[in-house]
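Protein sequences, first through last, are from chains A and B. In terms of our numbering, the first sequence opens at residue 756 and continues consecutively. In terms of our numbering, the second sequence opens at residue 10 and continues consecutively. Glycine is no exception: its CB is placed at the ideal position from the N, C-alpha and C atoms. Keep in mind the model is a prediction, meaning the values are calculated, not measured. A quick write-up on the structure given underneath.
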Amino acid sequence: MPRNADHRDVQRLLAEGGQLVEVLPVEEFASEHLIGAHNIPLKSLTRESVAHLDRDRPVIVYCWDHL
Amino acid sequence: MSPRAAWRLETFGFTQVYDYVDGKADWLGYGLPTEGDGASLPRAGGVVQRDVPTCRLDDDLKSAVEHARAAGWDTCAVVNAAGIVLGRLPADAPDGVDGQSIEAVMDVGPTTVRPSEQLADLVGRMQHFDVAHMLVTTPDGRLVGILRRADAERLLLQQHHHDHHDHAGG
C-alpha cells in the first residue's frame with residue numbers, strides 16, 4: 756500500500772536513495788521540477804515507461820498538489 | 010493524480026512507493042530547490058529578510074515596539090512558540106504606554122506569501138496596493154521572514170539590467 760509522505764519524508768527518502776517521479780505533463784515538468792525527478796506523465800505510466808526505475812529503492816510520486 | 014500513479018506503481022511490482030500528496034506546490038512553498046526552465050525566476054524566498062523582529066502575544070507591547078524600531082523595522086511579526094504567525098504589529102501601532110496588549114492592537118490574519126511566490130507578480134501587487142512589506146511564511150504558517158518591497162524592486166532592477174546586458178552582448 757502506498758504511503759503518504761510530506762516534504763520532510765521526501766528529503767529523507769532522497770538522502771536514502773529514493774527516486775522521484777513527477778506525473779505531470781511534459782510542459783509542466785520542463786518548467787520546473789524537483790531536482791533529479793523523472794517525468795512520467797500519468798497517461799504514460801506503463802510497465803515499459805517505469806522499467807528504468809530501480810525496484811529495490813523507494814519511489815516517490817508527486818503532482819502539483821493534493822487536488 | 011499522484012495517488013493513482015502510486016497505486017499503479019504497486020501493481021507493477023514496486024514495493025516501496027510513497028505519495029508526496031502535497032506535491033510540487035508544497036515543495037516550492039518551503040523554498041526547496043528545483044530545476045527547469047522556470048526555476049531561475051526570482052522568488053520571494055530569494056530576497057526575504059529572515060532576521061526580523063518577532064514577539065509573542067503575551068510580550069510587553071512597549072518593549073516589542075521599541076525592539077522592532079531599534080532593529081530598523083516599523084513592524085513586528087507576532088508568532089507563537091512554534092513560530093506560526095498569529096498577527097502583525099502595524100507600523101502605526103501605539104507604543105504601549107497606555108498598557109494595551111499586543112493582541113489588542115495587532116493585525117489579525119495579515120496577508121502572507123510563500124517563498125515560492127514569483128517576485129515580479131508579487132511586487133506588482135504590492136505596488137498596486139501600496140504595501141511596503143509582506144510576511145513570508147511556509148505553507149503551514151511558520152514565519153520565514155519579511156519581504157521589503159524596496160529590496161524586491163532592487164533585485165528585479167538588477168535582474169533586468171543583467172538580462173539586458175546579456176541580450177545586448179549575445
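Can you pull the chain B residues whose beta carbon is under 8 Å from the beta carbon of residue i, in chain order?
i, result
"His821/A", "Val30, Asp31, Gly32"
"Pro780/A", "Ordered by position in chain B, no residue passes the 8 Å Cβ test against Pro780/A, which lies about 10 Å from the chain."
What is the rounded straight-line gap between the Cα of residue i and the Cα of residue j?
i, j, result
"Leu18/B", "Val765/A", "17 Å"
"Leu775/A", "Gly22/B", "17 Å"
"Tyr785/A", "Asp46/B", "A small fix is needed here, since residue 785/A is Ala in this sequence, not Tyr. Going from the Cα of Ala785/A to the Cα of Asp46/B covers about 6 Å."
"Leu128/B", "Arg810/A", "40 Å"
Find out if the Cβ-Cβ distance for the pair residue i, residue j is shorter than 8 Å.
i, j, result
"Val122/B", "Ala53/B", "yes"
"Glu44/B", "Ile790/A", "yes"
"Val816/A", "Asp28/B", "yes"
"Leu165/B", "Ala86/B", "no"
"Pro757/A", "Ala77/B", "no"
"Gln25/B", "Arg802/A", "no"
"Asp84/B", "Arg97/B", "The sequence shown places Thr at residue 84/B, rather than the Asp named in the question. Yes, the Cβ-Cβ distance between Thr84/B and Arg97/B is below 8 Å."
Based on Cα-Cα distance, which residue from the options lies nearest to residue i?
i, options, result
"Cys818/A", "Arg758/A, Arg812/A, Glu783/A, Asp811/A", "Glu783/A"
"Pro148/B", "Lys71/B, Ser49/B, Leu70/B, Gly92/B", "Gly92/B"
"Thr120/B", "His171/B, Pro12/B, Asp104/B, Arg134/B", "Arg134/B"
"Arg158/B", "Leu50/B, Val57/B, Tyr39/B, Ser11/B", "Val57/B"
"Leu797/A", "Asp809/A, His762/A, Val781/A", "Val781/A"
For a contact defined as C-beta to C-beta under 7 Å, what are the partners of residue i on chain A?
i, result
"Arg13/B", "Leu797"
"Arg17/B", "Leu800"
"Glu44/B", "His788, Ile790"
"Trp36/B", "His762, Leu789"
What residues from chain B crowd round residue i, counting only those whose CB sits closer than 9 Å?
i, result
"Ala793/A", "Note that residue 793/A corresponds to His in the displayed sequence, not to Ala. Within chain B, no residue comes near His793/A; the closest Cβ sits about 12 Å away, beyond 9 Å."
For a contact meaning CB atoms closer than 9 Å, what does residue i contact in chain A?
i, result
"Leu144/B", "Those do not exist, as Leu144/B stays about 20 Å from chain A at its closest Cβ, beyond 9 Å."
Are any of the Cβ atoms in chain C nearer than 8 Å to that of residue i?
i, result
"His807/A", "Of the protein chains in this structure, namely A and B, none is chain C."
Can you pull the chain A residues whose beta carbon is under 8 Å from the beta carbon of residue i, in chain order?
i, result
"Leu41/B", "His762, Gln766, Leu789"
* Pull out every residue of the segment 760-775 of chain A whose Cβ sits closer than 9 Å to any Cβ of chain B, in chain order. => Answer in chain order: Ala760, Asp761, His762, Asp764, Val765, Gln766, Leu768, Gly773, Leu775.
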